[in-house]
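Just so we're aligned: 20 in full-length UniProt numbering is position 20 of the sequence shown, and the numbers increase by one with no gaps anywhere. The beta carbon of each residue, even a glycine, is placed where N, CA and C say it ideally should be. Note that the structure is predicted; figures quoted are calculated from it, not measured. Reading through the structure tokens given below for one structure.
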Amino acid sequence: MSKQQQPQPQQQQTTRPATAPITVTALADADVAAQAAAAILERRASGCAGDARASGTSTPTDETRRQLTIAPAAAAAALLNGTITAAQNSKRMLHRFDQSEVKVLLLENVSPVAVQTLEAAGFQVETLKGALSEDELIARIGDVQVLGIRSKTHVTAKVLEAARRLLVIGCFCIGTNQVDLHAASLRGVACFNSPYANSRSVAEMTIGNIVALARQLPDRNREMHQGIWNKVSANCYEIRGKTLGIVGYGHIGAQLSVLAEAMGMRVVFHDLQQIMALGSARQLRSLTDLLTAADFVTLHVPETPETKNMIGAKELALMKPGSYLINASRGTVVDVDALAASLKSGHLAGAAVDVFPSEPAKNGPNFQSPLLGCPNTLLSPHIGGSTEEAQRAIGLEVSRAMVTYVTEGTSQGAVNVPGITLRSLSAANPLTVRVTNIHKNVPGVLKKINKLLSHFNIERQTSESLGPVAYLVADVTLEEGKLEEELRIIHQGISTIEENILSRVFY
Ligand SMILES: NC(=O)c1ccc[n+]([C@@H]2O[C@H](COP(=O)([O-])OP(=O)(O)OC[C@H]3O[C@@H](n4cnc5c(N)ncnc54)[C@H](O)[C@@H]3O)[C@@H](O)[C@H]2O)c1
1 MSKQQQPQPQ
11 QQQTTRPATA
21 PITVTALADA
31 DVAAQAAAAI
41 LERRASGCAG
51 DARASGTSTP
61 TDETRRQLTI
71 APAAAAAALL
81 NGTITAAQNS
91 KRMLHRFDQS
101 EVKVLLLENV
111 SPVAVQTLEA
121 AGFQVETLKG
131 ALSEDELIAR
141 IGDVQVLGIR
151 SKTHVTAKVL
161 EAARRLLVIG
171 CFCIGTNQVD
181 LHAASLRGVA
191 CFNSPYANSR
201 SVAEMTIGNI
211 VALARQLPDR
221 NREMHQGIWN
231 KVSANCYEIR
241 GKTLGIVGYG
251 HIGAQLSVLA
261 EAMGMRVVFH
271 DLQQIMALGS
281 ARQLRSLTDL
291 LTAADFVTLH
301 VPETPETKNM
311 IGAKELALMK
321 PGSYLINASR
331 GTVVDVDALA
341 ASLKSGHLAG
351 AAVDVFPSEP
361 AKNGPNFQSP
371 LLGCPNTLLS
381 PHIGGSTEEA
391 QRAIGLEVSR
401 AMVTYVTEGT
411 SQGAVNVPGI
421 TLRSLSAANP
431 LTVRVTNIHK
441 NVPGVLKKIN
451 KLLSHFNIER
461 QTSESLGPVA
471 YLVADVTLEE
481 GKLEEELRII
491 HQGISTIEEN
501 ILSRVFY
């Protein structure tokens, strides 16, 4: 995020309920586990751990109070039955969240695998098939902590203002344009997406395109639908032994490289970066080298100022007569007027285009493009990454990221708060607690936090800034017998720092 720092809105003085996950790991036997469970219940009595925005402090939840009325031994047994097991592996760690406390709202028919993942973490999940308008979302978001959307729901600054308890937004799609990321950062709301879960789907469709073009399937298919039987073999080819030129050897380009070689193609590629080639693929020095060498040119670069009209009339003229072009990257990468002219002149023998400079906002008739009616031209409505498998992979990736962020504070993969990963807390040291803090990215805040934490033994600490906010995660070991008191000191101390946006404590 490259947004400038802006004047900060006044932070809410919200009091948030205790929502800290319970971590019990490496328990040698049931007695130890029972003691640990009882200790956890005692600790939860304090209500001193949880989340606090701005100067808020936490209070015990109803669930916590209910559990405190259970005799410690019985409570320990109940916890043991449900959530705490003697770990086989001493490094294994279990996290536990009170099921009643994390409310999830999933919109736009998010994959069922996401629902399962979130429910398995003990979250309460509500799903809706469609998107919500701004007003509808504002009416529902008040007590939601985890929001899942796809591309049609817009999370505006106004929505975020109403989202008093929101911790995280999961965009179950590639982009995050539909979220006001700046406003989300300023409210301490992390946003996750899944930019690469559909790479395989795009690579497979590109292979399909290559075969279809080599066999003139776009024309034969059109003729057959018109009732024309036209059995020809002239200028129809196998792809074995042909040269595939991949422009952009990233997530999709590299997958495609492996698949194409398995089909017997020779693979060359061009990328801005020097990249280790897979299999027998060869990196070429320039785009010109690739264009003049390849029988099939396929584009897998991002949309940047440098890639705008990367393939225009000049580049098309450099391509071999009778070669083919495939674009499943971004519509702006190809000058479609020049491509249409090249196809109509017969210089190119065909093209497959999945992405367009201007794409309709919704499904329906009257799509317009200079490529309509061009010979041996396969057009598709930006479906390269649209498969059930990709949706499932996106569902899994985003929901897992949200669970880990909510239950552990790990922000790896977030787009608007710094990505921080610390290894899990271990039960070998039950006095170690985790403090996470999103604060305004202004000078002097770390000094205040460190002044507070310096009274304790800091096991690990990391902090990074991104745009208007910084994220700090610290694992701190407290003194035996003073756990409750010290947790309270840390939590209250950090959440009353002026620049605090969101503080959480895990124990
Ligand atoms: N059709 C679809 O449905 C669909 C689905 C997913 C992704 N995409 C698009 O596919 C494209 C590639 O996606 P990805 O996940 O492989 O991206 P990626 O970031 O993993 O890889 C892109 C590669 O392009 C290279 N590159 C960037 N600028 C370049 C330039 N000017 N010249 C040469 N190489 C350059 C980068 O170094 C990188 O290796 C993106 O534009 C993405 O939006 C389309």
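Check                                                                                                               : Outcome
Any non-hydrogen atom of ligand 1 within 8 Å of residue 461 CB                                                      : no
Sequence-distant residues of the same chain with beta carbon closer than 7 Å to residue 108, five excluded per side : 130, 131, 149, 150, 152 and 153
Member of 136, 103, 117 and 135 whose CA lies at the smallest distance from the CA of residue 126                   : 103
Length of the line joining the Cα atoms of residue 206 and residue 261                                              : 13 Å
Residue 198 in three-state terms, based on DSSP                                                                     : coil
Beta-carbon spacing of residue 166, residue 202 below 9 Å                                                           : no
In DSSP terms, what residue 146 is bridged to                                                                       : 104 and 168
Own chain residues within Cβ distance below 7 Å of residue 180, not counting five before or after                   : 155, 156, 157 and 160
For residue 313, the three-state DSSP class (helix, strand or coil)                                                 : helix
Bounding residues of the beta strand (DSSP E) (the contiguous stretch that carries residue 464)                     : 457-466
Option in 267, 172, 237 and 185 with minimal Cα separation from residue 197                                         : 172
CB of residue 295 within 9 Å of CB of residue 377, strictly                                                         : no
Distance CB(residue 106)-CB(residue 137) smaller than 9 Å                                                           : no
The stretch 358-378 touching the stretch 218-234, judged by at least three CB pairs closer than 8 Å                 : yes
Cβ neighbour criterion (16 or more within 10 Å) applied to residue 314                                              : exposed
beta-carbon residue 237 near ligand 1 non-hydrogen atom, thresh 8 Å                                                 : no
Contact check, residue 406 vs residue 168, beta carbons under 9 Å                                                   : yes
Three-state secondary structure (DSSP) of residue 550                                                               : For the chain, the structure presents residues 1 to 507; residue 550 sits outside this window and is missing.
Residue 354: CB within 8 Å of a non-hydrogen atom of ligand 1                                                       : yes
When 147, 135 and 254 are compared against residue 124, the one with the closest alpha-carbon                       : 147
Whole-angstrom distance between residue 186 and residue 321, CA atom to CA atom                                     : 55 Å
Any beta strand (DSSP E) of 3 or more consecutive residues that is wholly inside the stretch 222-273                : 243-247 and 266-270
The alpha helix (DSSP H) enclosing residue 182, as first and last residue numbers                                   : 181-186
Residue 525 versus 362, 446 and 353, residue with shortest Cα-Cα distance                                           : The first residue shown for the chain is 1 and the last is 507, placing residue 525 beyond what the model contains.
Rounded Cβ spacing between residue 325 and residue 351 (contact assumed at less than 8 Å)                           : 5 Å
Whole-angstrom distance between residue 259 and residue 278, CA atom to CA atom                                     : 11 Å
Inter-stretch contact at 8 Å, needing at least 3 Cβ pairs: the stretch 417-426 / the stretch 468-475                : yes
Simplified DSSP assignment, three categories, for residue 403                                                       : helix
Residue 174 Cβ short of 8 Å to ligand 1 heavy atom set                                                              : yes
Endpoints, the beta strand (DSSP E) within which residue 162 is located                                             : Looking at the DSSP string, residue 162 is not in any beta strand (DSSP E); the run it does join, the alpha helix (DSSP H), is 157-162.
Reduced DSSP category for residue 416 - H, G, I as helix; E, B as strand; rest coil                                 : coil
Member of 448, 272, 396 and 390 whose CA lies at the smallest distance from the CA of residue 119                   : 396
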